[in-house]
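Q: Residue numbers (the numbering used here): 386 to 730. This is the structure, below, for whatever I ask next.
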Amino acid sequence: MKNNLLQLRETARQEISATKNLTELENIQIKYFGRKDGVLNVLLKSLKDLSPEAKKEVGQLANQVKVELEESLAKQKTILEKEDIASTLEQDRIDVTLPAIAPKKGSLNPTTLVQNELEDIFKSLGFMVLDGPELESDYYNFEALNIPEHHPARDMQDTFYIKGLAKNEKRVLRTHTSPVQVRAMQKYGAPLRAVAPGRVFRYEASDVSHDHTFYQLEGIMIDENISITNLIAVMKTLLRGILKRDVKVRLRPGFFPFVEPGFELDINCLICGGTGCSVCKQSGWVELLPCGMMHPSVLRAGNIDPEKYSGFAFGLGLTRLVMMKYGIDDIRLLNSGDLRFLKQF
Ligand code: FA5
């Protein structure tokens, strides 16, 4: 029995010092000290068969072996824990001399890119860049532009009507950027050259070329002797500047209550090259740049004398121009927030 105990102590010590990690050490602990089947406990159970003297002697030795082995286990545990921490540190080591990971940069929406380019073109032609409210008064959005309350032109541009703060005050989500025309005239007078890009809203069923929320860029040029020739020259400069090539255009009469005469300037569809597609509704042409000579009543609403001054105005379909420039065949992609699409710009 004594020899067995001494042999057990020897084997256990070797096994303890041979362990390489905490799991192995735990297994050894269970092997020798496990309550039910632990080797030491099994051995101690046979103490009861010994004589009282032998029981005393072997019992003392057994206790001593137990204490020694517990100490060995504790020592080995400390060693293994240190090694464990060291290897974790090694694994998690950070090389502080490596270059930092650059944060992911977003990109500008293609509409913003084209808007910026247009602003540069117009600034180089001496135009101011103005802003107007998206929540506009009924007066500036319609009345001042020669579109009184029951005018049929209102049907073409239905929108959200919102009660204003004052009694009977009507506000609308602006249906076009044209209200900036009158605001600009009232603020700056004549002569005047200004563009106003911005977001507009309409009660509109969306399809590949129509959205309920889209962008326009309004432009006005007012001075003495401004004529249609000036209008066409600026339109050409604008299209060549942004599309970087000559495109086929067609000018046809168009009705807008705030211009006289009024035109629709269409461009040859750049998605299909004019052969017909869903964007141009198989016509080969895209409505892009309605324009005309400013109506005398509108000049008057802007406190400008129509006897002395004349001017032209245009309302570029900015979102449509973006589609043409980049060959985007569905307008809804631009407001979709789909990164697969947006990351391409
Ligand atoms: C107007 O909004 C006039 N204010 C333009 C104007 C200004 C005429 C100054 C004369 C003088 P229109 O409703 O046609 O006009 O819209 C202008 C352009 O916006 C269209 O040619 C088209 O390119 C674009 N557009 C119109 N509706 C939508 C829509 N639902 N989605 C995307 N683009 C649209």
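Ideal Cβ placement from N, Cα and C applies to all residues, glycine included.
Please say whether G696 and I605 have beta carbons closer to each other than 8 Å?
A: Against the sequence shown, residue 605 aligns to sequence position 220. Against the sequence shown, residue 696 aligns to sequence position 311. Yes, the Cβ-Cβ distance between I605 and G696 is below 8 Å.
Q: Tell me G583's beta-bridge partners as DSSP assigns them.
A: Along the sequence shown, one-based indexing puts residue 583 at 198. Answer is Q601, bridged to G583.
Q: Drop a sphere of 10 angstroms on the beta-carbon of H535, count the other beta-carbons inside from all chains shown, and report buried for 16 or more, exposed for fewer.
A: Your numbering for residue 535 matches position 150 in the sequence shown. Its Cβ having fewer than 16 others within 10 Å, H535 is exposed.
Q: When you compare only the Cα positions, how much space is there between V593 and D715?
A: On the sequence shown, position 208 is the one that residue 593 refers to. On the sequence shown, position 330 is the one that residue 715 refers to. Looking at the two C-alpha atoms, the distance is approximately 4 Å.
Q: Determine the DSSP secondary structure at A529, reduced to helix, strand or coil.
A: Mapped onto the sequence shown, residue 529 falls at position 144. A529 falls in the helix class under three-state DSSP.
Q: Whose CA, out of D523, Q542, P582, lies closest to the CA of K555?
A: Walking along the sequence shown from the start, residue 555 turns up at place 170. Nearest of D523, Q542, P582 to K555, Cα basis: D523.
Q: So the beta strand (DSSP E) N653 belongs to, where does it begin and stop?
A: Taking the sequence shown and counting its residues from 1, one reaches residue 653 at position 268. N653 -> beta strand (DSSP E) spans 644-653.
Q: Using the Cα positions of L483 and Q500, report the straight-line distance between them to the nearest angstrom.
A: In the sequence shown, the residue the question calls residue 483 occupies position 98. In the sequence shown, the residue the question calls residue 500 occupies position 115. So the alpha carbons of these two residues sit roughly 39 Å apart.
Q: Can you name the start and end residues of the alpha helix (DSSP H) that F507 belongs to?
A: Numbered from its first residue, the sequence shown carries residue 507 at position 122. Element bounds for F507: 495-509.
Q: For the ligand FA5, any of its heavy atoms closer than 7 Å to the Cβ of L673?
A: Reading the sequence shown from its first residue, position 288 is the one you call residue 673. Yes; taking the cut-off as 7 Å, the Cβ of L673 has a heavy atom of the ligand FA5 nearer than that.
Q: Are at least three pairs of beta-carbons, each pair with one atom in the segment 452-460 and one in the segment 393-401, less than 8 Å apart?
A: These segments touch.
Q: I'd like the span of the alpha helix (DSSP H) that includes I479, first residue to last.
A: Taking the first residue of the sequence shown as position 1, residue 479 is located at position 94. Element bounds for I479: n/a, residue is neither H nor E.
Q: Quick one: residues in its chain with C-beta nearer than 7 Å to the C-beta of Q542, no 5 flanking neighbours on either side, listed in chain order?
A: Counting from one through the sequence shown, the residue named residue 542 turns up at place 157. Excluding sequence neighbours, Q542 sits near T560, H561, R587.
Q: To the nearest angstrom, how far is the alpha carbon of E672 from that of S509?
A: Position 287 of the sequence shown, counted from the first residue, corresponds to residue 672. Position 124 of the sequence shown, counted from the first residue, corresponds to residue 509. Cα-Cα distance, rounded: 26 Å.
Q: How is the beta strand (DSSP E) around S612 delimited, first residue to last?
A: Numbered from 1 along the sequence shown, position 227 holds the residue referred to as residue 612. From DSSP, S612 is part of no beta strand (DSSP E); its letter is neither H nor E.
Q: Could you check if D715 belongs to the surroundings of the ligand FA5, using beta carbon to heavy atom distance under 7 Å?
A: Your numbering for residue 715 matches position 330 in the sequence shown. No, since every heavy atom of the ligand FA5 falls outside the 7 Å radius drawn around the Cβ of D715.
Q: Do V707 and M679 count as a contact pair if the criterion is CB distance below 8 Å?
A: Position 294 of the sequence shown, counted from the start, is the residue given in the question as residue 679. Position 322 of the sequence shown, counted from the start, is the residue given in the question as residue 707. Cβ distance not < 8 Å, so M679 and V707 don't count as in contact.
Q: Can you check DSSP and say which residues form a bridge with Y546?
A: Start at 1 with the first residue of the sequence shown, and residue 546 comes out as number 161. Per DSSP, V557.
Q: So the candidates are E438, G583, L650, A485; which of them puts its Cα closest to the Cα of Q601?
A: Position 216 of the sequence shown, counted from the first residue, corresponds to residue 601. When only C-alpha atoms are compared, the closest one is G583.
Q: Could you give the C-beta distance for L428 and L390, rounded to a whole number, given that I count them as a contact under 8 Å?
A: Taking the sequence shown and counting its residues from 1, one reaches residue 428 at position 43. Taking the sequence shown and counting its residues from 1, one reaches residue 390 at position 5. At roughly 7 Å, the Cβ-Cβ gap stays under 8 Å, so L428 and L390 are in contact.
Q: So, D651 versus R635, is the Cβ gap smaller than 8 Å?
A: Numbered from 1 along the sequence shown, position 266 holds the residue referred to as residue 651. Numbered from 1 along the sequence shown, position 250 holds the residue referred to as residue 635. Going by C-beta atoms, D651 is nearer than 8 Å to R635.
Q: If you run the structure through DSSP and keep just helix, strand and coil, what is S472?
A: Stepping through the sequence shown from its first residue, residue 472 is reached at position 87. The answer is helix: DSSP assigns S472 an H, G or I state.
Q: What do you reckon, is the C-beta of T704 under 7 Å from a heavy atom of the ligand FA5?
A: On the sequence shown, position 319 is the one that residue 704 refers to. Yes, the beta carbon of T704 sits closer than 7 Å to at least one heavy atom of the ligand FA5.
Q: So, for K387: in the same chain, excluding its five sequence neighbours on each side, which residues have a beta-carbon less than 7 Å away from its beta-carbon?
A: Residue numbering aside, residue 387 sits at position 2 when the sequence shown is read from its first letter. The residues are V443, L446.
Q: For the beta strand (DSSP E) holding V671, just list the boundary residues, first then last.
A: Start at 1 with the first residue of the sequence shown, and residue 671 comes out as number 286. Segment 670-672, the beta strand (DSSP E) holding V671.
Q: Mind checking whether the beta-carbon of R568 lies closer than 7 Å to any heavy atom of the ligand FA5?
A: Stepping through the sequence shown from its first residue, residue 568 is reached at position 183. Not under cutoff, so the answer is no.
Q: Buried or exposed: where does V585 fall if 16 or more other Cβ atoms within 10 Å of its Cβ makes it buried?
A: Counted from its first residue, the sequence shown places residue 585 at position 200. Its Cβ being crowded by 16 or more others within 10 Å, V585 is buried.
Q: Going by the C-beta, is A698 closer than 7 Å to any heavy atom of the ligand FA5?
A: One-based indexing of the sequence shown puts residue 698 at position 313. Flag set: Cβ of A698 near the ligand FA5.
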